[in-house]
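Shown next, in structure tokens, is the structure this report addresses.
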Amino acid sequence: MIEYPGLVSGKELRKALLRLKNPFFNTSVYPESVNRYVADGWEVERVFKTKTRLKKPKPFDQLFEENVWVTMYSMGFSNINKDRSFKVYFEDSNNLSQQIDVFAEDEDVVLIIECKASKTPENKQSLKKDIEAFSQQKSRIQNFIRKHSQPGTRAKFIFATRNFVLSENDRSRLVDEDIYHLDDTRLTYFEDLTKHLGSAARYQFLGSIFEGREIPGLDVTIPAVSGKIGGHSFFSFSIEPSTLLKFSYILHRNDANSKDMPTYQRMIRKSRLTSISKFINGGGYFPNSIIINIDNNGKDLNFDLSSLQSDNTISRIGILHLPKRYRSAYIIDGQHRLYGYVNTQYRSTNTVPVVAFVNLEQSEQLKLFMEINENQKSVPKNLRNTLEADLSWHSESLKRRIGALETRLSERLGTDTDSPLYNKILIGENPQTATKSIRLESIKKGLSKGNFIGKADDSKLIRQGSFFAGTIEATYEKLYPFLLESLIYVKQNSKGLNQGELFTTNPGIESLIAVIGDVVDTVCKAEAKQVLTCTTDELVHSVSFYLDPLLLFIDEMPESQRLELSKYYGAGGPIRYQRTWQREIYNARHEFKPNGLEEYWKEHSAEVYQSAVALVKDIETTMKKEFKLLLTNKFGDRWFILGLPKNVYDEANKLASDKNYEEPDQEIDPWDCIDLIDYRKIALNGGNWGNIFEKRYTYPPSIKGNASKADKTSWIDKLNRIRNTLFHRYSIKEEDFDFLKQLALWIKNRDSFE
161 MIEYPGLVSG KELRKALLRL KNPFFNTSVY PESVNRYVAD GWEVERVFKT
211 KTRLKKPKPF DQLFEENVWV TMYSMGFSNI NKDRSFKVYF EDSNNLSQQI
261 DVFAEDEDVV LIIECKASKT PENKQSLKKD IEAFSQQKSR IQNFIRKHSQ
311 PGTRAKFIFA TRNFVLSEND RSRLVDEDIY HLDDTRLTYF EDLTKHLGSA
361 ARYQFLGSIF EGREIPGLDV TIPAVSGKIG GHSFFSFSIE PSTLLKFSYI
411 LHRNDANSKD MPTYQRMIRK SRLTSISKFI NGGGYFPNSI IINIDNNGKD
461 LNFDLSSLQS DNTISRIGIL HLPKRYRSAY IIDGQHRLYG YVNTQYRSTN
511 TVPVVAFVNL EQSEQLKLFM EINENQKSVP KNLRNTLEAD LSWHSESLKR
561 RIGALETRLS ERLGTDTDSP LYNKILIGEN PQTATKSIRL ESIKKGLSKG
611 NFIGKADDSK LIRQGSFFAG TIEATYEKLY PFLLESLIYV KQNSKGLNQG
661 ELFTTNPGIE SLIAVIGDVV DTVCKAEAKQ VLTCTTDELV HSVSFYLDPL
711 LLFIDEMPES QRLELSKYYG AGGPIRYQRT WQREIYNARH EFKPNGLEEY
761 WKEHSAEVYQ SAVALVKDIE TTMKKEFKLL LTNKFGDRWF ILGLPKNVYD
811 EANKLASDKN YEEPDQEIDP WDCIDLIDYR KIALNGGNWG NIFEKRYTYP
861 PSIKGNASKA DKTSWIDKLN RIRNTLFHRY SIKEEDFDFL KQLALWIKNR
911 DSFE
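Quick note, in the working numbering, the sequence shown goes up one by one and the last residue is 914.
In structure tokens, the structure reads:
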């Protein structure tokens with residue numbers, strides 16, 4: 161370990177952790193000094209007999225530096241700078257020094273981390289000067305490390321950012337200078353990983369920052385058996401977990417690994433690791449093999465055949481030379497078994513069985529993973545759906561390929577740092593947060609409704625979409641830039657894509673994308689444009705003419721109207737949003753006439769809706785009153801138990817009992833817990849129909865031929881369906897409204913009730 165002023169380890173390191181984890185500065189002062197400190201931004205935390213403890217929030221940039229520091233500590237780096245004042249001095253430059261935000265050392269690795277943070281998101285602000293200043297000191301810092309550390313120690317320079325979306329030029333500069341970019345997504349991933357793995361997360365981190373580099377001091381030659389299965393060659397061997405961990409990597413389905421798509425592994429679960437570690441420490445073991453893929457850059461592994469072979473099998477035994485590179489073995493199955501050894505006494509003294517394929521394509525790894533886990537509930541539905549999409553990219557079914565294209569477009573909108581939906585879409589096993597709650601399914605539905613790609617069966621297109629270019633690859637290359645630039649235009653010209661606004665809800669974004677597709681169709685007709693021959697800029701310019709009135713409407717929408725719109729959820733929510741957006745565009749651009757728009761608003765007219773609700777309520781009120789009186793006339797005081805079917809009777813009593821228990825101050829009558837559909841069940845119960853209800857509740861239009869009592873009461877079912885539509889989808893079809901009016905008129909004009 162490097163011994164140098166400002167670097168701490170052991171107990172001193174743990175002391176530094178307690179200080180740096182605290183988001184506040186703390187101090188204790190005498191009472192006479194409190195007001196002076198408070199005037200300077202300090203807050204009183206606790207008053208003691210002789211002193212007062214104060215706190216003050218740390219600056220944002222310092223909080224970010226310390227956040228990175230704590231992450232490095234959590235990953236097991238054991239020699240780290242004490243605080244942000246740490247400097248190294250260069251003897252070759254007249255005692256010139258360089259301050260380093262985070263300096264973290266492990267057994268054979270040193271990290272030099274420069275941190276850059278902004279309180280608010282900065283989109284493509286140039287960080288050229290910061291990157292160049294950092295890279296200019298690389299050679300001197302490397303000389304410092306070589307002088308003070310053990311031979312073979314590897315150094316890595318890291319540029320950590322918070323709330324910065326780097327330009328392509330800045331990204332290229334970092335790549336050219338061999339500087340790893342630790343952005344928000346990657347840092348969040350490794351923070352989450354340390355919560356699950358503790359210091360074992362370091363193996364994933366090193367695999368990420370040193371991908372493809374040789375591991376100092378690692379030389380793995382191991383007895384193995386070679387064989388063939390499913391058209392693939394493989395090796396079988398046993399190896400110490402501590403060794404396999406050094407060069408293995410897990411392709412977690414996560415934003416941080418988006419460049420490695422298709423990825424397939426679910427996140428490691430801490431609870432499961434804990435139980436596995438306890439099991440191993442208690443003498444337990446797993447006889448089933450860990451499945452891996454060795455990435456040897458397309459080359460065969462060196463395999464020295466033994467002189468002792470059997471002629472009765474195609475299997476061969478020998479000595480296998482495994483790669484000495486970080487991230488050269490990908491764990492397909494068995495990640496929990498492997499990482500379960502990390503915190504056990506057997507990590508270096510036990511071996512685990514391994515089946516190793518060589519140079520499998522990632523799509524083949526994904527297929528193998530899915531086959532292994534086909535019947536395991538532990539693979540979450542959202543992850544399985546995205547994995548299925550990757551598998552379908554090259555499917556023989558055109559329908560499945562289109563589904564895979566919609567998924568890939570949706571994922572990229574959530575992982576592309578240029579996208580307004582960056583880090584807002586739930587992908588793989590990313591946890592839902594206040595700002596990340598959009599489902600992939602919502603984006604996919606918007607794409608499908610917008611007719612961007614079209615509809616197909618397994619062999620052919622049934623309906624061609626505006627962007628379909630013959631293949632899903634060509635369609636992707638044309639459609640994604642348009643979607644991206646259209647959403648950027650929306651974000652730049654409206655508050656609607658800001659956090660908490662309408663377009664960041666699932667129905668909001670689904671309907672926005674669908675409406676953009678509607679606009680494209682209008683542009684093609686009104687301006688005679690051919691989508692596939694236009695540039696992205698030309699298309700976005702044409703589309704913006706129709707989007708502008710919608711964006712103005714969104715920004716000026718009264719809060720009451722927003723609340724009214726938010727009531728629409730479930731299946732009817734996205735439709736309501738879409739029709740609302742379409743109507744606002746139509747009001748300003750009359751050539752914009754999507755199919756069904758006029759009919760929808762006829763059915764959803766506020767005046768018609770309110771009239772329909774009033775009619776249903778009047779009919780229900782009449783039925784409730786009449787049914788009770790008819791049953792009482794027939795059965796007397798025991799009408800409720802003698803006149804109702806048992807299931808209706810039981811359910812009504814249960815509901816009333818529950819309500820009375822929850823609100824003991826009021827007494828709910830079980831008759832008040834009867835649903836509309838229950839009246840039909842009561843009418844048809846036993847002899848009720850012929851003896852009580854037939855004369856008064858046979859709706860004349862239902863009498864056709866030799867109608868049964870079920871036919872004569874079918875109108876109650878229809879009434880119930882209309883009622884549910886009214887109160888859940890806030891709409892009514894014209895024909896259903898006519899039915900309500902006729903039904904209400906019939907009930908009103910029947911003979912007076914006796």
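Note that beta-carbon positions come from the ideal geometry of N, C-alpha and C, so glycine has one too.
As the structure is a computational prediction, the values presented were derived from the model and not from experiment.
Give the straight-line distance between the Cα atoms of Y640 and R840, rounded to the nearest whole angstrom. Straight-line Cα distance between these residues: approximately 54 Å.
How is the alpha helix (DSSP H) around T473 delimited, first residue to last? T473 -> no alpha helix (DSSP H), and no H or E assigned at all.
Classify K605: buried if its beta carbon has 16 or more other beta carbons within 10 angstroms, exposed otherwise. For K605, the number of other beta carbons within 10 angstroms of its own is at least 16, and it is reported as buried.
With 16 as the cutoff for other CB atoms within 10 Å, does D415 come out buried or exposed? Any reading at D415 must be qualified, since the residue scores a pLDDT of 47, below 50, and its modelled position is unreliable; no value is offered.
Which stretch, first to last residue, makes up the beta strand (DSSP E) that contains T345? Where T345 is concerned, there is no enclosing beta strand (DSSP E), although the alpha helix (DSSP H) it sits in stretches over D344 to L357.
Using alpha carbons as the reference points, say which of P860, K869, G846 and Y506 lies closest to A906. One detail in the question is off: residue 906 reads as Trp in this sequence, not Ala. Here the closest residue by C-alpha is P860.
What number of angstroms, rounded off, separates the C-alpha of K864 from the C-alpha of A772? The alpha-carbon atoms of K864 and A772 are separated by roughly 27 Å.
Is the separation between the beta-carbon of L607 and that of E566 shorter than 7 Å? In this structure, E566 lies closer than 7 Å to L607 by Cβ.
For V262, the three-state DSSP class (helix, strand or coil): Assignment of V262 by DSSP, reduced to helix, strand and coil, places it in the strand class.
Taking L900 as the reference, give the member of W202, W875, S402 and A634 with the closest Cα. Checking every option, the nearest Cα to that of L900 belongs to W875.
Proximity below 7 Å, CB of I587 to CB of I598: No, Cβ-Cβ distance for I587 and I598 is not below 7 Å.
Runs of beta strand (DSSP E) lying entirely within the stretch 201-240, each at least 3 residues, in chain order: Correct list: 203-207 and 212-217.
Supposed contact pair G236 and R314 - C-beta distance, whole angstroms, cut 8 Å: Between G236 and R314 the Cβ distance is about 16 Å, and since that is not below 8 Å, they are no contact.
Between the Cα of D681 and those of L647, F628, S654 and D715, spot the shortest distance and give me the residue it belongs to. Ranking L647, F628, S654 and D715 by CA distance to the CA of D681 puts F628 first.
Residue nearest to K406 in terms of C-alpha spacing, selected from E854, S368 and H356: For the residues E854, S368 and H356, the minimum Cα distance to K406 belongs to S368.
So which of L692, D268, L520 and S332 has the shortest CA-CA distance to E637? Cα-wise, what sits closest to E637 is L692.
Look at the alpha carbon of E225 and the alpha carbon of R244, and state the distance between them as a whole number of angstroms. C-alpha separation (whole angstroms): 8 Å.
Which residues mark the beginning and the end of the alpha helix (DSSP H) in which P376 is found? P376 -> no alpha helix (DSSP H), and no H or E assigned at all.
Classify P165 as buried or exposed, calling it buried when 16 or more other Cβ atoms lie within 10 Å of its own Cβ. Classified as exposed, P165 has fewer than 16 neighbouring CB atoms from the shown chains inside 10 Å of its CB.
Would you decide whether T280 is buried or exposed? Buried here means 16 or more other CB atoms lie within 10 Å of its CB. Flag for T280 reads exposed.
Report whether the distance from the Cβ of G610 to the nearest heavy atom of the ligand SAH is below 6 Å. Here there are no bound small molecules, and the ligand SAH is not part of this structure.
Which first and last residues belong to the alpha helix (DSSP H) in which P667 is found? Its alpha helix (DSSP H) spans residues N666 to A686.
Leaving aside the five residues before and after L180 along the sequence, list all residues of the same chain whose C-beta is less than 7 Å from its C-beta, in chain order. Taken in chain order, the residues that qualify are E226, W229 and V230.
My assumption, with CB atoms under 8 Å, is that G610 sits in contact with R623. Please give the rounded CB distance. No, G610 and R623 are not in contact; Cβ-Cβ is about 12 Å, not under 8 Å.
Quick check: what's the CA-CA separation for T577 versus K388? Each residue's alpha carbon lies about 42 Å from the other.
Compute the distance between the beta-carbons of S278 and N329, then report whether it is under 7 Å. No, the Cβ-Cβ distance between S278 and N329 is not below 7 Å.
Quick check: the stretch 746-764 against the stretch 779-789, are at least 3 beta-carbon pairs closer than 8 Å? Touching, no, given that fewer than three Cβ pairs across the two stretches are closer than 8 Å.
Counting Cβ pairs, one atom from each stretch, are 3 or more of them under 8 Å apart for the stretch 480-496 and the stretch 452-464? A contact exists between the stretch 480-496 and the stretch 452-464.
DSSP-derived helix/strand/coil call for L621: L621 falls in the strand class under three-state DSSP.
Is there a Cβ of chain C sitting closer than 7 Å to that of F395, yes or no? In the displayed structure, chain C is absent; only one protein chain is listed.
Scan the stretch 807-895 and note each continuous alpha helix (DSSP H) run of 4 residues or more that stays entirely inside, going in chain order. 836-843, 854-857, 869-872 and 874-889, all fully within the stretch 807-895.
Given this structure, state the Cα-to-Cα distance separating L647 from I669, to the nearest angstrom. Using only the alpha carbons, I get a separation of about 10 Å.
Burial state of T509, where buried means 16 or more other Cβ atoms lie within 10 Å: Flag for T509 reads exposed.
Taking 8 Å as the threshold, find out whether the stretch 367-381 comes into contact with the stretch 300-318 through three or more Cβ pairs. When C-beta atoms of the stretch 367-381 are compared with those of the stretch 300-318, three or more pairs fall below 8 Å, so the two segments count as touching.
Just to confirm, is the Cβ distance from K276 to T321 under 7 Å? Cβ atoms of K276 and T321: closer than 7 Å.
Enumerate in chain order the residues of its own chain whose CB-to-CB distance from L711 is below 6 Å, with the five nearest sequence positions on each side excluded. Counting only Cβ-Cβ distances below 6 Å, and skipping sequence neighbours, we find N653 and S654.
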